[in-house]
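Peer 1:
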Amino acid sequence: MPIKRKPHLSATFALLPTWLVAVVVFIGTMAWSIRLSFTNSTLFPSSTYVGLAQYVKLFSSAKWLASLQNVLIFGVLYVAGCLLLGFLLAAALDRKIRFESAFRTIFLYPYAMSFVVTGLIWQWMLNPTLGIQASVRSLGWETFVLDWVVNRDMAIYALVLAGVWQGAGLVMVIALAGMRGIEAEQWKAARIDGIPVWRIYVSIILPQLGPALAAAGMLLAMGVIKTYDIVVAMTNGGPGNSTEVPAKFIMDNLFGRQNLGLATAGATVLVLGVIIAVAPFRYAIYMRNRAKGVA
Amino acid sequence: MARSHPNGPRPTQITAGRIGLYAFLFIAALFFLLPLYTMVVTSLKTMDEIRLGRIFALPETLDFSAWITAWSGACMGTTCVGIRTGFWNSVAITVPSVALSVFVGAVNGYALSLWRPRWANVLFGLLMAGGLIPYQIFLYPMVRAMANVSLYNSLAGIILVHVIFGLPLVTLLFRNYFVSVPEELCKAARVDGAGFWRIFFEIMLPIAVPMVVVVSMLQFTGIWNDFLLGLVFAGRDNLPMTVQLNNIVNTTMGERNYNVNMAATILTAIVPLVIYFLSGRWFVRGIAAGAVKG
Amino acid sequence: MQSAVSIKDLKIAYGDHSVIEKMSIDIAPREFLVLLGPSGCGKSTLLNAIAGLQDITAGEIWISGKNVSWEEPKDRGIGMVFQSYALYPRMSVRKNLSFGLRVAGLPKTEIEARVARTAALLHLDKLLDRRPAELSGGQRQRVAIGRALVREVDVFLFDEPLSNLDAKLRNELRVEIKKLHQNLGNTMIYVTHDQVEALTLADRIAIMRDGVIQQLASPAEIYHRPANLFVAGFIGAPAMNFIEGRIERGNGSPVFLSNGLAVDLSGYSFQAASDGPATLGFRPDHLVLDGAASRLPTIPGHVSVVEPMGSEAVLWFDWAGQSLSLRLMGEVTLQPGDTVAPGVDIAKASLFGADGSRL
Amino acid sequence: MKGMMKLLLTGVVFAGMLAPALAEDKPTIEIMSSWTSGGEAAALDIIKTEFEKRGGVWKDSSIAGFGAADAAFQNRIVAGDPPGAKQGVIGLAAADFVGQGLFNPVDDVAAAGKWADALPKSIYDLISYDGKVYLAPTGAHGESWVFYSKEAFAKAGITEEPKTWDEFFAGLDKLKAAGIVPVAWGGQPWQQTKVFNMILLSQVGIDGFLKIYVDKDKSEASIEGVKKTLDILGKLRGYVDDGAAGRNWNDATAMLITAKAGVQFMGDWAKGEFTVAGKEAGKDYGCMIVPESPGMVYIADSLWFPKTGNAGTDKAQKLLAEVVMDPAIQVEFSLKKGSVPMRADVDKSKLDVCAQKGLELMTAGNIVPDQAILLTPQQVGLLDDFVDEYWSGGSNDMASAAENFFAIFE
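Heads up: the sequence lines are chains H, Y, X and W, in that order.
Counting from 45, one number per residue, gives the positions in the first sequence under our numbering.
Counting from 168, one number per residue, gives the positions in the second sequence under our numbering.
Counting from 482, one number per residue, gives the positions in the third sequence under our numbering.
Counting from 617, one number per residue, gives the positions in the fourth sequence under our numbering.
1. Listed in chain order, which residues of the segment 355-366 of chain Y have Cβ atoms closer than 8 Å to some Cβ of chain X?
2. Between residue 855(W) and residue 936(W), how many whole angstroms is the CB-CB distance? I'm expecting something under 8 Å.
3. Short of 6 Å in beta carbon distance, which residues of its chain neighbour residue 400(Y), apart from the five on each side in sequence? Order them along the chain.
4. What are the start and end residues of each continuous beta strand (DSSP E) run of 3 or more residues lying completely inside the segment 595-656 of chain X, in chain order?
5. If I measure Cβ to Cβ from residue 724(X) and keep anything under 6 Å in the same chain, skipping five residues before and after, which residues do I get?
6. Is any beta-carbon of chain Y found at less than 8 Å from that of residue 581(X)?
7. Using the beta-carbon count (16 or more within 10 Å), is residue 185(H) buried or exposed?
8. What separation, rounded to the nearest whole angstrom, lies between the Cα atoms of residue 64(H) and residue 226(H)?
9. Buried or exposed, going by whether 16 or more other CB atoms sit within 10 Å of the CB of residue 59(H)?
10. Cutting at 6 Å between CB atoms, please list the residues of its own chain near residue 260(H), excluding the five before and the five after it.
11. Which of the three DSSP states is assigned to residue 719(W) in this structure?
12. So what does DSSP say about residue 764(W), is it helix, strand or coil?
13. Spell out whether any CB of chain H is found under 8 Å from the CB atom of residue 371(Y).
14. Taking the alpha-carbon of residue 270(H) as reference, which of 235(H), 302(H), 311(H) and 237(H) has the nearest alpha-carbon?
15. Please list, in chain order, the residues of the segment 291-318 of chain H that have any C-beta partner in chain W closer than 8 Å.
16. Among residues of its own chain, excluding the 5 on either side of residue 564(X), which ones have a beta-carbon nearer than 8 Å to its beta-carbon?
17. Are the CB atoms of residue 118(H) and residue 190(H) nearer to each other than 8 Å?
18. As an exercise, report each continuous alpha helix (DSSP H) stretch of at least 4 residues that is fully enclosed by the segment 755-830 of chain X, in chain order.
19. Roughly how many angstroms separate the alpha carbons of residue 770(X) and residue 517(X), rounded to a whole number?
20. Between residue 297(Y) and chain H, is there a C-beta pair that is closer than 8 Å?
21. Check whether the Cβ atoms of residue 222(H) and residue 253(H) sit closer than 8 Å, and answer yes or no.
22. Below 8 Å on the Cβ atoms is my contact criterion, and I expect residue 626(X) with residue 562(X) to pass it. Report the Cβ-Cβ distance as a whole number of Å.
23. Would you say residue 677(W) reaches chain H, if we count a Cβ-Cβ gap shorter than 8 Å as a contact?
24. Kindly indicate which three-state DSSP category residue 742(X) falls into: helix, strand or coil?
25. Which runs of the alpha helix (DSSP H) spanning at least 4 residues fall entirely within the segment 684-762 of chain W, listed in chain order?
26. Mind pulling the chain W residues with CB within less than 9 Å of residue 162(H)?
27. What separation, rounded to the nearest whole angstrom, lies between the Cα atoms of residue 80(H) and residue 289(H)?
28. Tell me whether residue 510(X) sits in a helix, a strand or coil according to DSSP, three-state version.
29. Compare the beta carbon distance of residue 798(W) and residue 883(W) with 8 Å and say whether it is the shorter of the two.
30. List the residues of chain Y that residue 238(H) touches, going by C-beta distances under 9 Å, in chain order.
31. What does DSSP give as the partner residues of residue 498(X) in its beta bridges?
32. Three Cβ pairs or more, each shorter than 8 Å: is that satisfied between the segment 256-275 of chain Y and the segment 332-341 of chain Y?
33. Looking at the unbroken beta strand (DSSP E) that takes in residue 881(W), where does it start and where does it end?
34. Taking 8 Å as the threshold (C-beta atoms), are residue 683(W) and residue 341(H) in contact?
35. Report the neighbours of residue 270(H) on chain W: residues whose CB is nearer than 7 Å to its CB, in chain order.
36. Can you pull the chain W neighbours of residue 384(H), defined as C-beta to C-beta under 7 Å?
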């Protein structure tokens, strides 16, 4: 006779509200979106199905294609930039520095700023007629150019700059915490082997920080797909399509352009893309944990 | 033994590397401080001075009138009361939202990592997928849903919305934290006769204090800085400060009042800023205590 | 007399993966039972199942005459000590000790009395207001033991309680646990992978492998008469020497033959007689350095390493391409390369058949 | 669709039931607008003051930015809890809401106030759906204006308003030479589209304009007109400053007010900014219709009245409609907002020179509607995309660009 003990009722019960949210809000909304993406809905949902017409329209829209490309460029550079600068700052702060906590606060404070404020400030700083360019020119360097926000080819990098300014501090904190957790004996061993300090950071410390940095990268990446506020505040997608992003495309079509069908098609593509990008990663983690759990 | 304070190789004399290190740090500090400096300086200038266009110059005389205008006189449409009402609305929205979402997140993380009921992995996967979806697409159905339970345009409604959209991140952080808590602790408590909630409140929550600090700070800044959800769900009597900031920044009286805009911007950002300045060390400690792990 | 703990046809499996295979054990009151085995053998799983922390797939668990198979851990009348101590980090020692009693809703005076009694017993009196982080490893383990004691139950479960401690502390606490058992007289079930702990503490040892008990017997029995090759190899340090060969019965008494070695087995008490392939096992302490003088069958070879250990020494010598060990008392003057011909005392040796079980 | 509507209506009724009964039965209304800029807010305040004078209670829900305000409004509609009034343009977006039965008609007010007689027929037709009046027009805006700073023109030595595009570009060169930013360009898609339209009208004329936007005509003449328009638009790229991208229209106007820039292409609401800054039309700044243009593009603002299911709000909506169409208010409002009154029967003497010019064109019928009136919101968006892409893409390939233009209507 198989014997089952009382299941963990309380735990199941405690997770009920979360289940409700996950199923009703997350799955429900996605199902709703996917359904509407096959209709010709404009201002309000309609039930006239048009097959893949919205998707065809979506992928013939230069704006949408540009937005996908932009979010990819922005995402990679933003996450990489935050990780790199954050790691460098952490390594520098790890070197027995005076005023360490002051530096730490300075590097971390932008994380308290909203993307709206971040976008506004940097839009202002990088605006050629108001900001750094104007200031430097008024000091006598008449040919100085720093016009990223209004330059079609550079606007996306202006977004990256502002994003890195905002997010690098978080990575710094995480990396610094990791560095402080590394066994002191490794430093001794490396010193005895005569390995230069930079080499220790690159070859010994960095690999050990891998999981922590991956987690930080994941936190940042979660924000990338949702990138909206900073774009609206800084460039509003322009000049041209140069900083258009999917979330903004969806938002514009959802409201201003009253194009529910196209907006939901965009959303569906985006979510599918995310799942395809994330699933193998999560599956690997799941398999790893399972392997550990059974042993 | 983990190092509790900086202990790389002992600094010897002032070497070129040392100078380079400090140079790097100072340049980085400049990069990080410049925008804040510009905002503060501009907010203290008169419009006449701002027109000169030297945004990095110190103000000739300190003029706090822009701050006063931003706080209590700036116009949004036909009303000119500054952003002070929004300040209290933001407080009323943020404080309960943070408290509630931290609590729910902690319970979720605890249940998912230490009890692992059936389908726990599925739930976690769903939450993570939900966390990656841009929340713009939730707006339309959420509005309908909130209206159906008559929570639309209410304080309770906006709080609920913040808690829901905060769930993925909060749960992720707490789960990762509790995963590293030895299972034996839970077992010992069960032998001692404690149940799910008793273990949570008396043993796990006290352990998770560093994590609670980190999550609270992340959620606080996130919710305080939110614009879109506040605009859509809060209702006109509860509009948060960020919505009012948007109104002020986009309202002009013949000429853009950069000083008022900057003052309003700083006022909006000041609460999270103060929190980071004052409790940044707790944040760092929380992270060090394993708040964010791989 | 009624068993303190009784396990009947217990089976634990995760899906298709079976961890405990149809196991039955009876543990007498006041008995000290050690579950010994390599990691992954299922010994901790078994302990957790007894504690009620692990769902079982089939079978029953009885404690003090009650079927507790479906009971919550707190209702089983057990106390448990964990490997990592599992002290509640944010509570003082006093609170750690009293937590279970408070949860159970015992009167305050009773709680205080019990905590005081336990603290005195374990010399924790002065540490009562400290946090776990402020204690040394040995102190933490004593608190963990105290947390089990304070419950005043009949059965204590120990899950590798000493393996996080250094060698010296481990020895000290081992003695303390033994004294505790002698003074309190509770039933104790103790999981370890350390054979010294098992041999010194146990009334009976259950040696487990892959979820199956290989031998359940007293330490002496297990040491001297291992039930199979696995048990023989697992217990004893240095490990038992094994020589593979075959048993042949010429005219009369059986002989063990291997590589020119012929050992007369007339002095061996067979459990099951059998000819054919066999393994001869003998412990290093059952070899005599000068075999000829003792009139024992000799295994000649060359000394390779000598390990002096103060009062005794272990001598390693090569025979037929195999390294064998021999324990000697007192000083050793032999050098590597010297020729030796130790004798094996067949009465104390073990013989295993082709299937690994004792002959 | 039916199920959806049912749900919506249930929501409406539900919201109505929940609305707390007012202690006093003063008609109360929540008005949602994106009129937060100086002139806009001042104009809205005229309506507010009069509304309150007549016993109404005014709750202001101003949200800066059309996008944000529209999003908030649509969400409130979806939630079944719309505001009592919404400021919005007359056009297909409003038609959508009316078509869904989400708006209250103000037919009786219109009948009592004889709106049919007071308003130009074309406008009256636009605010009526199925024979009922739904929207209360606040004012019309001319969108073919070039504003210029007299101070800047004087500095550059320009004495006369240019009559042709050639003269116009010559003038811009002079401004450039004088170290003044020639064009105060608002680099946001919607502003750029307005410039495109005013140039298009100057190139194809009124009939040609209507052919393109109403009949979606793709004849040789239409294509040629679009190409010429793009040519002029392309030339303008050389006369804007570095900070143009993303600039708000009021920031651009501020450049004229401070004489930093010479001209601005904008609707006449820009006058509101001049007025707030204490500048006078004809004295400090000038206004002209774009060169070679036979008429004026116009857009009409109005108030929308969503169904709230609340009787008090219904009453307030009627009062508000009355106030908005009051002849005196129409003039006062227009003065502040910079628009042209909708009613033909108002006192024109108070209007400034620019508004009088505009009113002349209107009465003569030399006007064409803005794309918001003629195109669906989706098409409006695509038009914005098209102009923006051409402007900031820097391409001069007019032929393929013209192809893309006509693709909008497919």
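Quick reminder that beta carbons are idealized off the backbone N, C-alpha and C, glycines included.
Computed from a predicted model, the values in this text were never measured in an experiment.
Peer 2: Let's see:
1. 355, 356, 357, 358, 359, 360, 361 and 365
2. In fact, because the Cβ distance is near 43 Å, the residues do not count as touching under 8 Å.
3. Taken in chain order, the residues that qualify are 324, 325 and 328.
4. Taken in chain order, the complete beta strand (DSSP E) segments of 3 residues or longer contained in the segment 595-656 of chain X are 636-640.
5. 739 and 761
6. yes
7. exposed
8. 41 Å
9. buried
10. 215 and 218
11. In the three-state reduction of the DSSP assignment, residue 719(W) falls in the strand class.
12. Strand.
13. no
14. 311(H)
15. Residues 295, 296, 297, 298, 299, 300, 301, 302, 303 and 306.
16. 640, 641, 642, 644 and 645
17. Against a cut-off of 8 Å, the Cβ pair of residue 190(H) and residue 118(H) comes out as no contact.
18. 772-775, all fully within the segment 755-830 of chain X.
19. 32 Å
20. Judged by the 8 Å Cβ criterion, residue 297(Y) is in contact with chain H.
21. yes
22. Contact check for residue 626(X) and residue 562(X): beta-carbon distance about 5 Å, within the 8 Å limit, so the pair qualifies.
23. Answer no: the Cβ-Cβ gap between residue 677(W) and chain H never drops below 8 Å.
24. Looking at residue 742(X) - three-state DSSP - the assignment turns out to be strand.
25. 708-715, 723-728, 731-734 and 737-743
26. Neighbours of residue 162(H) on chain W: none; closest Cβ ~16 Å, over 9 Å.
27. 21 Å
28. Correct three-state label for residue 510(X): coil.
29. Taking 8 Å as the Cβ cut-off, residue 798(W) and residue 883(W) do not qualify as a contacting pair.
30. The premise fails here: residue 238(H) is roughly 11 Å from chain Y at the closest Cβ pair, so nothing lies under 9 Å.
31. 495(X)
32. yes
33. 877-882
34. Absent from the structure is residue 341(H), since the part of chain H shown begins at 45 and ends at 339.
35. Per Cβ cutoff of 7 Å: no residues; residue 270(H) is ~16 Å from chain W at best.
36. Here chain H has residues from 45 to 339 only, and residue 384(H) is not among them.
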